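**Q** Just so we're aligned: 17 in our numbering is position 12 of the sequence shown, and the numbers increase by one with no gaps anywhere. A virtual CB, placed ideally from N, CA and C, is assigned to each residue, including glycine. Model, not experiment: these values are computed from the prediction. Before we start, here is the structure in question, set down as structure tokens.
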Amino acid sequence: MTPLSRLAYIAKNLRKRFNAKGWHINTDDKSSIKLANSLLYRMGLGVKVGMDAPLPT
Numbered sequence: 006m007t008p009l010s011r012l013a014y015i016a017k018n019l020r021k022r023f024n025a026k027g028w029h030i031n032t033d034d035k036s037s038i039k040l041a042n043s044l045l046y047r048m049g050l051g052v053k054v055g056m057d058a059p060l061p062t
């Protein structure tokens, strides 16, 4: 799995979990990618995404 596809996969599953639990958390693309990348960095698997780079969906 490529790093960007891993990031997109985790972001998508985070959105699903937040919605399932009914948490009122901002789940737009940019916020969920940022949360997923933060989790990956804590595990040493973070992805460096430039500010102008398109975000995975």
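1. First and last residue of the alpha helix (DSSP H) that includes residue 24?
2. What number of angstroms, rounded off, separates the C-alpha of residue 53 from the C-alpha of residue 20?
3. With a 10 Å radius around its C-beta and 16 neighbouring C-beta atoms as the bar for buried, classify residue 50 as buried or exposed.
4. Assuming residue 45 and residue 12 make a contact with CB atoms under 8 angstroms, what is their CB distance in whole Å?
5. Within 10 Å of its beta-carbon, does residue 30 have 16 or more other beta-carbons around it, so buried, or fewer, so exposed?
**A** Let me lay it out:
1. If you number the sequence shown from 1, residue 24 lands on position 19. It spans 8 to 26 - the alpha helix (DSSP H) in which residue 24 sits, taken as one unbroken run.
2. On the sequence shown, position 48 is the one that residue 53 refers to. On the sequence shown, position 15 is the one that residue 20 refers to. Their Cα atoms are separated by approximately 21 angstroms.
3. Residue mapping note: residue 50 aligns to position 45 of the sequence shown, counting from 1. By the 10 Å Cβ count, residue 50 comes out exposed.
4. Locating residue 45 in the sequence shown gives position 40, where the first residue counts as 1. Locating residue 12 in the sequence shown gives position 7, where the first residue counts as 1. Taking C-beta atoms under 8 angstroms as the contact rule, residue 45 and residue 12 qualify, at a distance of about 7 angstroms.
5. Residue 30 sits at position 25 when you count from the first residue of the sequence shown. By the neighbour-count rule (16 or more Cβ atoms within 10 Å), residue 30 is not buried but exposed.
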